Structures are given as structure tokens and as C-alpha cells.
């Protein structure tokens, strides 16, 4: 490939096609996005001189067998192949970010792992020596050998040219030693792929790369560069995805509106990540924090404080301006929970009322109790310039401006106007920061806050709970008829109502039409995974389980080929079960004496315990028996959110009871009762509710506490934020629970007793009820089953794992629209009309493809039956039929996919939450009680969808490995061949 700047053309030759594959293309504007290549140290034995490729410096063919770089999917596949072939010892050269990720990869492949770093400590670019030392200790504790300050002398081969070791000179040693290994992974950084630019005479940066100005324009006004090949100002090339995206935005603006329309000068190099399970963060006010190594303590204008905790293995170093008034940057190892706050503080003109020592050692600022809240009283805990939506980098001030100036007075309007909440969605959850800001802002504007659950219910969850309790309403239809609006609910109110009904009456989640208002987890009694399969976690009360039960669990998991794990909550879990196998798995577990652990529900998850006085010499009480009693008492209890319990047998707190929603710590006289603690994103220490309680008192107080919480909390509100919003706090809660100050004690205890009397193992009822079993049938039109995942599995640590399951999104228009269906399409049988659930859907098989058919009897006759594709464009799980249906106030019929909650217009298939995601739609009719759908022929439909999928993979720079045969597989392979051939020829392909 070559650039002719004078003629403004690019000439190229397709690999393997000789002169016939030569051609050229003219340009008005040329953008170089050629990325970078891996730097391979010039060590003897590292490469094969006779196979050196000047056009591809990191060509795998130029390296001996057993030497890899860590860069592309093909590199990873090579490592997997080596592991399967019997490789047991691996050496990773490079102790930077990517090197440590490579070490994690070979470690996960059950290899003996070594990391070699030439610098005196790990991650020398981002960390100082103390931080690197702490990181080294944590990684070595995992069983990975770390060698720092080493010199690499040569790669040693066997007679047939395979790697057998690496000769190194250890720090302080006199003679080199041979470190035997089966493979070497090189991760020593990257170099910009700038040869194409250099050959045509473009000016290059001092350290390589194409020198560009603030408009990303090179020394030739018609040529631009972005990504890892762009040397910004001729000094530095960014090797990260984030800067590439920012550069792309600036480039588009400059190409459309003219050079200089938008400047790009730098990107923030701050980062937070987990390396081998260790939290590591580095942040700075400017790039000087890293380029001038301000964290090393050698800059007289920067003063530092550090805190090292050898007990917990954490390290924190914060750097301040000479007068201590500004935070210049910092390093966090082992505990990075304060990263976001500190990062935002480092961009401000002062410390925001904090002092340097307090920030470093985790102390509150002086006089904090008397100071005005930084959030202005809105309850978010955020200043105006703090990020309220980290996914889209939106500040609180930006969202407030949207509420005021654009009159976005509801969460959906805020999403539409500024996109807040369209990422992970956490900031717009009922307990997120955006609803708090919205309520506070509307109050200041003198406008009535829309406090209802959604447009269908003007009541809050608490108000609706009281209405359902007083009126003794038992179904969603009854509640809609009594106090709701519209013919149907939506994905917001249906799960709320389902939770209220379960909390009050505890009926089976799949009976009486309740299944169609449940989220998919409760509907199918297992946690849905991103592959569309489910996890199965039986109850393990107090962590107490007999050997025979464990053997039965393992036998079932092995029979169905499921991945198993001890969960973080002291239970056994199996993962990867397809929908149609769930009843059979439930039956085997139930027959072995197990019951549902309801890990899928907003319910009691588990009661964690230590071994207590039965075994431990320090135990004060029998904590295991108490934990089992608690779990048996509260199992099946649905709540606004999940809740956890713990029982510790003494003050040593091995069960971490003070980090639970309910915690008991044994004393000589009984138990101390703690409430409203939790771990997770925002850990909260539990509050002491009562001292030295007897077992009977524990049960009484916990009964009252839980039912008071269930009766009054918001949907998806954990106990700790509920208590924080409870007027009077823990003292008020003591009056209600301990002293019965509201006179509700007997009522709350009676509510709990009714729940306990109505408990049933949901798994058992499904396992032995043929009608309930039908709800798990894979397809409505056949009893046949098929592999709907279509993903590759690998063996990792002796178990079956998805091979990096992350299919690309399918963006753009849908393939089919029911209004444009050709007359020669065929009508296929989709199932018996009587078998379809009201206001829900079922999957339908059509050859190798799947449809989703929905029955909405409350709608007009033309909308009774609606059909779409079953493949979700977002991450490609075949699960659309399991989504929740609803209706907006505008009359739009909605569908929320069960995995990521992406919303669609069920009539047209158009994406609502994201217009780039769209569903194909198909005509339906009912004849003689049989549902029919008009679709293309099997082969045509299969080929069309497979082509669409393979094109999505190609656009994302990934290889699509279609499992199967036939025309569609060949079409997919052909598409991949074209895409891969073009990628091989086009060396300007960006490789962020």
C-alpha cells in the first residue's frame, strides 16, 4: 500500500492476488487510522531473522513456536491452543497494564505464571515504587511469580525450534539463570504504525507517529490522523480507546464544519481498573502528573502524603500543590472506592472544604457536621461539577439545566434530552442520584413532583402497598381496575406490583397470571445470564450442607454440563442452564432434598455464619443453628430489594454480620442485633438496634423490622438508604421496632406469620406440575429443542466457560417489516392460541431461526397478536419473547428485553431507548385456534439473519464463528472472508 500525495490517491494490492489484485482509490480527504504494533524486544531468539516482515513488525510467522504477543483475538486463540496442547509454564515479559492482564490470562489457563519487568517495580509508568511494591505483594499472594529489575539475555529453543526457556539475569545476581517455560508472552508496549505516512513524506512525531495539530491535521492539509498513530503536537501518541473516541468526535466536527471548528489537545490519562483482582487507580490534574512524574516526590512544587496499610494490603498516595490548596493527583492500590470523588476533586480549584490529611487518611473534613451540604440539600452528595452520570460524563449541573431549561420533568424526558441513564441505568434507578435531583429541582421550581411509580399509577410504592393491603387485592388486573390507568402496565410498574403482591400474600410467582408481571428472573425462577441461560442456586441455610447433598448437586451439574461455583454468599451455584432444562434440573435437586434459594428474587438471599460454639474455641453461641433458624423463618419473603443476613459466633465477626441488612453477633448473654448494613457499590456499616437479645427477641424484632421496611421502602431501595431517609433514623426505628411506639408490632408480626404460612418451594411446584412445566417449553410450536446460544465454549480450570462471550450489537434498520411482507411468504404454525399467556410472549421455531409472538387481549383486535424476531440486537441473546410488555400513555405498545431492559415499540419493532436497535416484525392471524405467522422461507430467513450477524462482527473487527452448516453458514463465512481479506490488505485499520 502507498499514498501518492500529489495525485491524492492510495494504491494497494490484495494479498495473494498479485497484479490482478492491484488497484487505487482517490481521495479528497484521507484519514490515517493505522493503529500500532507490539514492540518485541531485540533479544536473541525472540524472532526469526530469516522470516522478518518489514510490513508487519509483529507478524506471528516471524517468531519461533511458543513466542506470542498479547494484542489481538488471534493472539489469544494461539494462547488457548498452546494451553490445550499441554503448555504448563508461561513467562510474560512486561509488568505494565497489558502485561499484567496477560499474566491473568495465562494464570486462568492453569499455567505456572511468571512476570518479568525490567524496571525496579511493576507499572512504572503509572506508579511509584511503594505502590508498585504493594501491587507486587498482592499479585505474588495469588501464586504468580514476579521478577523485577531483570535483564533478558535470550530466548532458548529446543532442537526443533520450540521455546524451552528464557535466560535472565535477576536483580543483584552475578550470573544469568535459565527460567524454563513452554511459552513466552510479550507485552512491552506498542509503537505507532507510521510507515505508510513516513513513506509518503508526512512529518512524524519525535517518538514516532504522524504529527498532527489541534485539528488532527497532518503536515499535508488533506491528510488527518487519529488513534494510536496520531502524535498530538508531534509529542505523544495515546494508546487507549477513550482518547481515540474523543479524537474521532473532533475529527468529524472538523471535516464537516471545517478545520479549526473543534480542537483536540489532550485526554485525561486517569484510570481505574482491576488487575488480577487488585484494584489499581491513578489520576492526575494534567498529563504532567505522569509525564513529569509528579508522584515521585521530586517536584518541589508538589507535596505528597501517603498511607500504607499492611494489614489490608492497601496503599494511597495523594499529591497536592505546594500550598496544599489543590489536589494534583494520586495513586490508589487495593482500595479504589474513592477514585471518582478524588478524580473530580483533582479538577477543581480547591479541596472543596476538605483538608489534605483527611483525604489521605480517610478522615472527614474539619467541622463537617456543621458545614452546609456540598450538594445544596438535594440528597445526591454531589457538587454541581461532579459527575452524576459517569457513563456519559454528565455533571449534576448539566442534568439540572436539562430539567429547568428543557422542561424535562420526568426520567424518560431526561433520558431523551441529555441521555442520562441510557448507559448502565444506575443513576436513574429509583434510588439513584437523578431522581433525587429531579425531585429537589421540581420542588424549588414550585412544580408538583411526579411521585407515582409510572404513568399507570400516580401512587408511590408505599401508598400502593397500603392500598393493596387494605383492599386485599390479589392480582395485577384487580389493582389496575381499582387504582390504575390504562389497559396494561409497563416494565416499570409490573415488577413493583409483583413484589407488593408477593410481600403481602406470597402466592406462587407463576400462578394466576402473576408470571407475566415478573422480571424474567422471577418468571423462570433463576437468574438470567448474559448468554440468555440461567443460574441455579439452591438454599444452603447457614452454609450447612451434608456431603450427600453436595454430591447430588455435583452430579446434576455434571450431567447437564453446567459451570459450578461457591458463591460469595456461602452457597453452591450452577450456571449456563437453558430455559427448557430448568424443570428437570429443579426436580433432581428437589428429589435430593434441596429447595430454591431464591437467588433470583428480591428476597432473602442467604444467612451467612461462622462455625460458632459448636467447633470454634472462641464461640459464644451456636451461630450455625441460629443462621439456619433465621433462613428457615424468612425464606421466600419478597422485599423491595434483596436482603442478606449474617450470624457471627463472637466479636471476631467472621460472618461479617455488621455488613448485612440484618446481623447478629453472639455475646455471653445472647445476641447483639444490627440492621441496615450492606456491601456492594456503597458499603454501609450496620447500626446497633438492640443488645443481648434472646433468640425469641431476635425473631420478634427482626419480624417487625423487615415488615416495616417492606411496607414503607421505595422499590429497589436497600435497607441502608431506606434508614438514611427515615426521619429520626435509628432512634426512631428503635421506637417502632423495640418499643412498639406506633402500636404496629402485632400487625407487623401477623404479616410475617402469614408470609411464613404461605411459603412454598417454587422449584418443587414446577417440577411436579405439568401445567407449570409448559411455561418452560422452549418453543410454542414444537417440543423440539435447539441450542439458542450459538456461542463457543472452552475448558478453563477444568470447567465449561463461554469463550469471551461479547457479541457485537446489531445496529441499524431491521431486516423485515410486516407492512412490506411479500405475498409469496408462507404462513407457519406458531402454536395453539390457548397456550399463550395473556400479556406475554412465547418463542417460535422457524428452521434455525426464532420468532417471538405476543398475545395482548386487552388491546384492539389488530393488536391482539404481534410477532417480532426473538434475537435481541443488543448483545444477541435469543430472549425477546421473555420480555415484559406494556403500554405508554401515548398508546405505544412497549417491550423491554429481559437481559438489558432495552425497550422497543412492539407494533413497529423500532427501538425506543436506543433508536439504533430495531426488531423485525411479522404479520399474524388466528385460524381455528391456531396462531399463524407470515414469514420468509426458512433458508432465506436464516441466510438473511446470519449475514446481518456476520456483518455486525465484521464492523466490530471481530471474527464470526458460525456453528453449523448450510447456506447461512456459507454466507457468513463468505462475508468473513471478504472482511478479513480487506482487513489484511488495509493496514490502515485502527486497532484500539
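In my numbering, the protein residues as written are -6 to 985. A virtual CB, placed ideally from N, CA and C, is assigned to each residue, including glycine. Fair warning: this is a prediction, and the values are worked out from it, not measured in the lab.
Who are the near neighbours of residue i in its chain, counting only those whose CB is closer than 6 angstroms to its CB and skipping five residues on each side?
| i | result |
| --- | --- |
| residue 605 | 612, 615, 616, 617 and 642 |
| residue 620 | 535, 600, 602 and 640 |
| residue 40 | 55 and 56 |
| residue 131 | 271 and 306 |
| residue 656 | 639, 650, 667 and 679 |
Tell me which same chain residues have a C-beta within less than 8 angstroms of the C-beta of residue i, skipping the five on either side of it?
| i | result |
| --- | --- |
| residue 211 | 25, 190, 195, 196, 203, 204, 205, 217 and 218 |
| residue 570 | 519, 526, 527, 528, 529, 553, 555 and 578 |
| residue 523 | 798, 868, 870 and 892 |
| residue 590 | 530, 531, 532, 533, 564, 598 and 599 |
| residue 457 | 446, 450, 472, 476, 489, 490 and 493 |
| residue 230 | 29, 185, 198, 200, 201, 202, 221, 222, 223 and 224 |
Can you look up residue i in the DSSP assignment and give me helix, strand or coil?
| i | result |
| --- | --- |
| residue 354 | helix |
| residue 105 | strand |
| residue 845 | strand |
| residue 220 | helix |
| residue 32 | coil |
| residue 671 | strand |
| residue 652 | helix |
| residue 86 | strand |
| residue 451 | coil |
| residue 715 | helix |
| residue 520 | strand |
| residue 225 | strand |
| residue 332 | helix |
| residue 788 | strand |
| residue 627 | helix |
| residue 247 | helix |
| residue 177 | strand |
| residue 722 | helix |
In whole angstroms, what is the alpha-carbon distance linking residue i and residue j?
| i | j | result |
| --- | --- | --- |
| residue 632 | residue 699 | 8 angstroms |
| residue 990 | residue 910 | The structure shown does not extend to residue 990, since the chain is modelled only from -6 through 985, so no value can be given for it. |
| residue 426 | residue 264 | 23 angstroms |
| residue 983 | residue 42 | For residue 983, the predicted structure reports a pLDDT of 25, less than 50, and the residue's modelled location is therefore unreliable. The matter cannot be settled from this model. |
| residue 421 | residue 508 | 26 angstroms |
| residue 887 | residue 861 | 12 angstroms |
| residue 176 | residue 14 | 37 angstroms |
| residue 882 | residue 449 | 8 angstroms |
| residue 928 | residue 839 | 9 angstroms |
| residue 775 | residue 376 | 57 angstroms |
| residue 636 | residue 495 | 15 angstroms |
| residue 234 | residue 513 | 34 angstroms |
| residue 351 | residue 31 | 42 angstroms |
| residue 244 | residue 459 | 56 angstroms |
Quick one: what's residue i bridged to in DSSP?
| i | result |
| --- | --- |
| residue 140 | 109 |
| residue 58 | 155 |
| residue 636 | 597 |
| residue 665 | 658 |
| residue 556 | 568 |
| residue 230 | 224 |
Excluding sequence positions up to five away, which residues of its chain have a Cβ less than 7 angstroms from the Cβ of residue i?
| i | result |
| --- | --- |
| residue 207 | 256, 257 and 258 |
| residue 545 | 585 |
| residue 800 | 868 and 869 |
| residue 501 | 753, 755 and 758 |
| residue 941 | 803 and 808 |
| residue 281 | 287 |
Does the beta carbon of residue i come closer than 7 angstroms to any beta carbon on chain B?
| i | result |
| --- | --- |
| residue 34 | Protein chain content of the structure displayed is limited to a single chain, and chain B is not contained in it. |
With three or more beta-carbon pairs closer than 8 angstroms as the criterion, would you say the region 818 to 826 touches the region 790 to 805? Counting Cβ pairs under 8 angstroms, fewer than three are found: no touch.
Taking contact to mean at least 3 C-beta pairs separated by less than 8 angstroms, is the region 732 to 745 in contact with the region 690 to 698? Segments in contact, yes.
Segment contact flag, the region 145 to 159 with the region 121 to 131, C-beta cutoff 8 angstroms, min 3 pairs: Counting Cβ pairs under 8 angstroms, fewer than three are found: no touch.
Please confirm if the region 288 to 304 is in contact with the region 94 to 108, defined as three or more CB-CB distances below 8 angstroms between the two stretches. They do not touch, by the three-pair rule.
Taking 8 angstroms as the cut-off, does the region 320 to 336 touch the region 281 to 289 (at least 3 CB pairs, one atom from each stretch)? Cβ pair count under 8 angstroms is three or more, so yes.
For the 8 angstroms Cβ check, are there 3 or more pairs between the region 78 to 86 and the region 234 to 247? Of all C-beta pairs linking the region 78 to 86 to the region 234 to 247, fewer than three are shorter than 8 angstroms, placing the two stretches out of contact.
Below 8 angstroms, how does it come out for the region 452 to 472 and the region 487 to 494: are there three or more Cβ pairs, yes or no? With a cut-off of 8 angstroms, the region 487 to 494 and the region 452 to 472 count as touching, because enough Cβ pairs lie within range.
Decide if the region 57 to 67 is in contact with the region 177 to 185; the criterion is three or more beta carbon pairs, one per stretch, under 8 angstroms apart. Yes, the region 57 to 67 touches the region 177 to 185.
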